[in-house]
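Visitor: Take this structure first; my questions come after.
Numbering (our numbering), first residue to last: 93 to 216.
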């Protein structure tokens with residue numbers, strides 16, 4: 093299954109984001125919360141936003157692939173999700189608003205396209 097590749101890539105990205113939170117917490121000596129530390133707020137939000145969107149997107153792509161979506165389209169959805177999450181994570185870290193918008197549009201597009209595939213594959 094193609095989704096396995098994208099799940100693995102995103103798992104490593106999740107580990108990176110998690111380790112970044114640990115690194116920033118250690119550097120700022122904050123064990124719980126953010127202590128209103130800008131770097132820690134950014135790190136925790138990049139991590140949190142990732143875990144809020146990626147599992148659901150992966151489930152939708154998995155279901156689309158399971159229902160017979162061609163490998164070409166599965167790769168498009170998976171690549172779009174990875175691209176979006178990379179853009180969003182970079183943007184949160186360095187404050188690039190335009191890149192954050194690109195990241196969220198890519199993520200929302202993945203969710204919407206996968207959702208449409210699932211709906212229309214059952215209707216037609």
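The beta carbon of each residue, even a glycine, is placed where N, CA and C say it ideally should be.
Buried or exposed for residue 200, please, with buried defined as at least 16 other CB atoms from any protein chain shown within 10 angstroms of its CB.
Guide: With fewer than 16 other beta carbons inside 10 angstroms of its own, residue 200 counts as exposed.
Visitor: Mark residue 135 as exposed unless 16 or more other C-beta atoms lie within 10 angstroms of its C-beta, in which case mark it buried.
Guide: buried
Visitor: Three Cβ pairs or more, each shorter than 8 Å: is that satisfied between the region 145 to 159 and the region 125 to 135?
Guide: no
Visitor: In whole angstroms, what is the alpha-carbon distance linking residue 187 and residue 179?
Guide: 11 Å
Visitor: Whole alpha helix (DSSP H) runs in the region 94 to 145 with 4 or more residues, listed along the chain?
Guide: 94 to 120
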